[in-house]
Every structure is written in C-alpha cells, then in structure tokens.
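Colleague: First, the structure itself, so that you have it in front of you.
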Ligand code: UDP
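Residue numbers (our numbering): -8 to 312.
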C-alpha cells in the first residue's frame, strides 16, 4: 500500500483520482482549499480509514510529518476559464507557481515521486496541429488566459529544474479537455454548460460562431493514463499529452447534446472571449508508445454517462451566461 497525496483532491479530476486510488487499495491524503473544489465530491470517502482530507492552500508550504508520502499528484488550480479569468486570476498564477514550489519541496523532503498536471493551454493558440509535445506553443503573455497558461508553463519549468538540480523524481502530463461525473454544474466550461442548459430548458450558449474545435476526453480514460504515467519508468519524465484525439467543433458538440436531451433549448450565439484557441487536438503518439495507453470511451458514450450524472445535480445549476 502506498501513501499518495493529491492536491486539488476535491475538484473534478482530483476527486475522481481519489476514488480510483482508494479502490486500488492505496492510502490517500486529499489536499484542497475548496476554492473551486467541492466537499460533496469526496463525501463518500470521508469515513474510509485509508482516506484523509486536509484543508490547505498550497500557496503555503505543507508539512506532513506523521507519515512517509510515496507519490504526489499536483492537481490544484482553478481550471475553468470563467474562474481563472475572473476573481481568481492572480490566485491562479500563485497556485501554479508557489504551489509547484511548495509541493516540489514536499516531494524532495519525502523522496516522493511527483506528477504535475500541466495542460494543453501551454500551447496557447496553436500554430501546429495536432499538437505534439515538442511544439513550444503560442501563448499571449498579457492576455486574459495568461494567468493559467503562463502559470502552468512556469510550473513545468520548476518541475524540470527541481529534477535537474535537486534530483526530484518528476512526471509531467499535459491534459486536454476532459469531462465526466463530478464536474461542477456551475463550472462554466462547455460540456457542463451545454448539458445543464439543455436539461433545464435554457438556451445553449455558443461563444463565437462555434467553428472552434476541442478534443474531449472522458474522465475514466484520463485517470487511467495519469496512474500509468505516475508508475512508469523513472527515466520517462514527459511532458506527455493526455487527451482524446477525437476533434469536434463546438457547434457539433452543441448539436449532439441538443439531440440527446431534446426539450425547448435553442442554440444562441454570444461573443467569443478573447484569446479563445481556435483549434485543439492532441497528438498522443508518445502516450501510446511509452505508456501503452489510448482512450477507449467515445464522445457519445461519455456524454450519455455525463448527462445521467448532471441529472442528479441539475438543482444546483445557476443560469450560465
Ligand atoms: N464555450 C461555448 N459556450 C459555453 C462555454 C464555452 O461556446 O457556454 C466555448 C469556449 O469559448 C471554447 C470552448 O467552448 O471555445 C471550450 O471552452 P471551455 O471553457 O470548456 O474550455 P477551454 O478549452 O477554452 O479551456
């Protein structure tokens, strides 16, 4: 049994990972400040003797003295554009940068392996398509997405410097758009917005003309590759793209969801936020060859499961803009 610390453990991905690792028989320490995470996501785990929750903001150093940590998944960060472009903008950069330093120091002290959940946003508005890990990206450093994009880029550089200079055992994955159960209905991202809008009979808000593309990965596939990466040979640090290469326009996504849910919702068009990437799709050759992984869940199947989940959450949904 390993002791595994997860920052951002009450968030969408973090809480899914907590459940999976507990199911696999590991001991889990879940750390979150609950700014965007939700205790409801881990409520079933709180009575489990192998599970512990620590309310903590990783912008501050964290001490865990009573047990040896074997692995750390560093996942804490607001990830939804409306969150990091709003009141959490500065906090987002701080969480990426101070959080990375504090968790890398913790990993160094415990001689733990640490995995950084980086992002497809390091590629910014990509001029190479699909995106390969060697592509260095096209990020606007002054734009409204920069707090997240540059924060995550800086976190990557910190990981590699702690690896080179301090001998810390690191792993870096770049996560592309992911969806599924435990998403916050008020998260503001496209899958949760469209499904909750359709379930509550509101209009579906496409930003821009809907021709921009994203590639959507179902959460179970992503959790699988995260664990594979964490347990891969030490000389494979990444960065490695983790996502589903199936690419769809936002208009196609809206039409799919309307067709599945039905009801009175109509598609309406709203202004496109600044710096919104026009295309995004991972090249996952590296994950395939190094980790023997590729996603299994098709968008239709994943959306059906996600719709069932949001039916149980729809009373929490506030109108999306
Ligand atoms: N989007 C949209 N309507 C919404 C929410 C998002 O059209 O209600 C668009 C958004 O402008 C972007 C895409 O959907 O082009 C994906 O947005 P999301 O916030 O889910 O993630 P991103 O990939 O931008 O981080």
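Ideal Cβ positions, reconstructed from N, Cα and C, are used throughout, including at glycine.
How about residue 99 and residue 157: are their beta carbons less than 8 Å apart?
Modeller: yes
Colleague: How is residue 107 classed by DSSP in three states: helix, strand or coil?
Modeller: strand
Colleague: Looking at the strands, I want to know which residues DSSP matches up with residue 260.
Modeller: 197
Colleague: Using DSSP with H/G/I as helix, E/B as strand and the rest coil, what is residue 188?
Modeller: helix
Colleague: Is there at least one non-hydrogen atom of ligand 1 closer than 7 Å to the beta-carbon of residue 79?
Modeller: no
Colleague: What runs of the alpha helix (DSSP H), each 4 residues or longer, lie entirely inside the stretch 50 to 131?
Modeller: 72 to 75 and 80 to 101
Colleague: Assuming residue 144 is part of the alpha helix (DSSP H), what are its boundary residues?
Modeller: 137 to 157
Colleague: Mind checking whether residue 170 and residue 5 have CB atoms under 8 Å apart?
Modeller: no
Colleague: When the distance is taken between beta carbons, is residue 248 closer than 8 Å to residue 197?
Modeller: no
Colleague: Assuming residue 204 and residue 233 make a contact with CB atoms under 8 Å, what is their CB distance in whole Å?
Modeller: That pair is no contact at about 18 Å.
Colleague: State whether the stretch 99 to 118 contacts the stretch 269 to 276, with contact taken as three or more CB pairs (one from each stretch) at a distance under 8 Å.
Modeller: yes
Colleague: Express the C-alpha separation of residue 216 and residue 284 in angstroms, rounding to a whole number.
Modeller: 6 Å
Colleague: Figure out for me which residue from 21, 103, 27 and 23 has the closest Cα to the Cα of residue 222.
Modeller: 103
Colleague: Could you give the DSSP three-state label for residue 289: helix, strand or coil?
Modeller: coil
Colleague: With a cut-off of 8 Å on the beta carbons, I'd call residue 50 and residue 86 a contact; round off their distance for me.
Modeller: 6 Å
Colleague: Whole angstroms is fine: what's the gap from residue 36's alpha carbon to residue 29's?
Modeller: One C-alpha to the other measures close to 13 Å.
Colleague: Taking the alpha-carbon of residue 259 as reference, which of 295, 192, 231 and 11 has the nearest alpha-carbon?
Modeller: 192
Colleague: Taking the beta strand (DSSP E) that residue 23 falls in, what are its first and last residues?
Modeller: Counting along the chain, residue 23 sits inside the beta strand (DSSP E) bounded by residues 18 to 23.
Colleague: Between the C-alpha atoms of residue 276 and residue 208, what's the straight-line distance to the nearest angstrom?
Modeller: 16 Å
Colleague: Using a Cβ-based criterion (distance less than 7 Å to any ligand heavy atom), does residue 241 qualify as near ligand 1?
Modeller: yes
Colleague: Is there a Cβ of chain B sitting closer than 8 Å to that of residue 59, yes or no?
Modeller: The chain labelled as chain B is not found in the depicted structure, where only one protein chain is given.
Colleague: State the Cα-Cα distance for the pair residue 179 and residue 72, rounded to the nearest angstrom.
Modeller: Distance from the CA of residue 179 to the CA of residue 72, rounded to the nearest whole angstrom, comes to 8 Å.
Colleague: Going by beta carbon distance, what residues of the same chain come within less than 6 Å of residue 238, once the five residues before and after it are set aside?
Modeller: 204, 206 and 272
Colleague: Of all the options 42, 200 and 68, which has the alpha carbon lying nearest to the alpha carbon of residue 27?
Modeller: It is 68 whose Cα lies nearest to the Cα of residue 27.
Colleague: Check the DSSP bridge columns for residue -4 and list the partner residues they point to.
Modeller: 20 and 63
Colleague: Alpha carbon to alpha carbon, what distance is there between residue 118 and residue 1?
Modeller: The alpha-carbon atoms of residue 1 and residue 118 are separated by roughly 34 Å.
Colleague: Between residue 267 and ligand 1, is there a pair consisting of the residue's CB and a ligand heavy atom that are separated by less than 7 Å?
Modeller: Answer for residue 267: yes, Cβ within range of ligand 1.
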